[in-house]
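S.K.:
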Amino acid sequence: MDEFLIKNYSLITKSVEIVAALVGIICYNKFKNSNVKYFIYFLIYVVLIENIGSYTIYLDEYAFFSEWKEIIENTRFKTNHWWFSIFWSMLSTLFYAFYFNKVLKKKHYKKAVNYVTVAFIFSSLLYMLFYTEMFFNSPSSFIMVFSSLLITLIIILYFVEVLNSNRIIAFYKSMNFYIATPMFIWSIILTPLVFYDMYFNTSDWNFILLKWQIYLFTNIFMYTSFTIGLLITKPDYD
Numbered sequence: 000m001d002e003f004l005i006k007n008y009s010l011i012t013k014s015v016e017i018v019a020a021l022v023g024i025i026c027y028n029k030f031k032n033s034n035v036k037y038f039i040y041f042l043i044y045v046v047l048i049e050n051i052g053s054y055t056i057y058l059d060e061y062a063f064f065s066e067w068k069e070i071i072e073n074t075r076f077k078t079n080h081w082w083f084s085i086f087w088s089m090l091s092t093l094f095y096a097f098y099f100n101k102v103l104k105k106k107h108y109k110k111a112v113n114y115v116t117v118a119f120i121f122s123s124l125l126y127m128l129f130y131t132e133m134f135f136n137s138p139s140s141f142i143m144v145f146s147s148l149l150i151t152l153i154i155i156l157y158f159v160e161v162l163n164s165n166r167i168i169a170f171y172k173s174m175n176f177y178i179a180t181p182m183f184i185w186s187i188i189l190t191p192l193v194f195y196d197m198y199f200n201t202s203d204w205n206f207i208l209l210k211w212q213i214y215l216f217t218n219i220f221m222y223t224s225f226t227i228g229l230l231i232t233k234p235d236y237d
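Going by numbering that gives the first Met the number 0, the first residue of the sequence shown is number 0, and it counts up by one from there.
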């Protein structure tokens, strides 16, 4: 099992992401007049950033990239931490803020999301400015934790609003529910792991495999939920 996970972790993760994006494309006409169309764009975006961000794997595995590997060997782009910090931790978080700002109805909830989002952008840029070396050479724990807190806040506000409205009657028929719930579970499970990133090295393969298993099954759950939601929900319930 461990050997299978080591060899196929990236492939399995990308596969569930691609399936969700393809289902989104197939279901696009159903949601083209609703906010869900933006989420479908986002799923396609995730596939792109995951595959482009895997350039470190391509450089190691394919000989014809050897020249490019030598070019970036002594640069800050040797690792892909910067890529995922910007395009996943930061931009994906901004997408969720944008998306649920459209979903939320109460103005004071929208304002709260906007204020915290601005604080997230400002603090993330300051982190990149003052901790540049850490930003390029290791996972940006500060950005990742702030990102998770913002997403958690957004989803809690969405849940509270649904609970206090008539939408609670048919909440399970809304695609927004199939976005918010798995994302909330994903966030509260994976955020604590950020504090153990210092142990993520080849000297402790037991921890590496445990972390990969948690990430893998959480990702499978989240993207499978997105896929199911796209298939069974209708835009009339947004």
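Glycine included, every Cβ here is placed at the ideal spot set by N, Cα and C.
Quick caveat: nothing in here was measured; it's all calculated off a predicted structure.
Out of curiosity, what's the CA-to-CA distance linking Val115 and Trp185?
M.R.: 20 Å
S.K.: Who are the Cβ neighbours of Ser34 in its own chain at under 7 Å, not counting the five residues just before and after it?
M.R.: What sits at residue 34 in the sequence shown is Asn, not Ser. Only Tyr98, Lys101, Val102, Asp237 meet the Cβ criterion.
S.K.: Unbroken alpha helix (DSSP H) runs of length 4 or more, entirely within the stretch 35-67: which are they?
M.R.: Counting only runs of 4 or more, we get 35-51, 54-60.
S.K.: So, using beta-carbon positions, are Ile188 and Ile213 closer together than 8 Å?
M.R.: yes
S.K.: With H, G and I counted as helix, E and B as strand and the rest as coil, what does DSSP make of Leu189?
M.R.: helix
S.K.: Report the residue from Asn79, Val45, Phe141, Asn136 whose alpha carbon sits nearest the alpha carbon of Tyr126.
M.R.: Phe141
S.K.: Touching or not, the stretch 75-95 and the stretch 136-151, by the rule of three or more beta carbon pairs under 8 Å?
M.R.: yes
S.K.: Under the assumption that Tyr27 contacts Lys36 (Cβ atoms under 8 Å), give the Cβ distance between them as a whole number of angstroms.
M.R.: 7 Å
S.K.: Between the Cα of Thr190 and the Cα atoms of Ile150, Leu162, Ala20, which residue gives the shortest distance?
M.R.: Ile150
S.K.: Given a cut-off of 8 Å, decide if Gly52 and Asn79 are closer than it, judged by their beta-carbon atoms.
M.R.: yes
S.K.: When the Cα of Leu156 is compared with those of Phe135, Lys105, Glu69, which residue comes out closest?
M.R.: Lys105
S.K.: Measuring only the C-alpha atoms, how far is Leu215 from Glu49?
M.R.: 14 Å
S.K.: Specify, as a first and last residue, the run of the alpha helix (DSSP H) that Tyr157 falls within.
M.R.: 140-162
S.K.: For a test of the three-state rule: what should DSSP assign to Ser137, helix, strand or coil?
M.R.: coil
S.K.: Would you grab the beta carbon distance between Leu229 and Met174 for me? Rounded to a whole angstrom, and I think it's under 8 Å.
M.R.: 7 Å
S.K.: For the putative contact between Gly23 and Ile11, defined by C-beta atoms under 8 Å, what is the C-beta separation to the nearest angstrom?
M.R.: Contact doesn't hold; Cβ gap of about 19 Å is too wide.
S.K.: Please list, in chain order, all residues of the same chain as Phe94 whose beta carbon is under 6 Å from its beta carbon, the five residues on each side excluded.
M.R.: Phe41
S.K.: List the endpoints of the continuous alpha helix (DSSP H) containing Ser91.
M.R.: 90-102
S.K.: Mapping DSSP to helix, strand and coil, what is Thr116?
M.R.: Look at Thr116 here: in three-state DSSP terms it is helix.
S.K.: Which two residues bound the contiguous alpha helix (DSSP H) that contains Trp87?
M.R.: Here Trp87 belongs to no alpha helix (DSSP H), and DSSP marks it neither H nor E.
S.K.: Can you name the start and end residues of the alpha helix (DSSP H) that Tyr27 belongs to?
M.R.: 27-30
S.K.: Taking Thr223 as the reference, which of Asn163, Lys6, Ser14, Asn7 has the closest Cα?
M.R.: Ser14
S.K.: Applying the 10 Å Cβ sphere with the 16-neighbour rule, what's the burial state of Ala62?
M.R.: exposed
S.K.: If you measure between the beta carbons of Val161 and Phe170, is that distance less than 8 Å?
M.R.: yes
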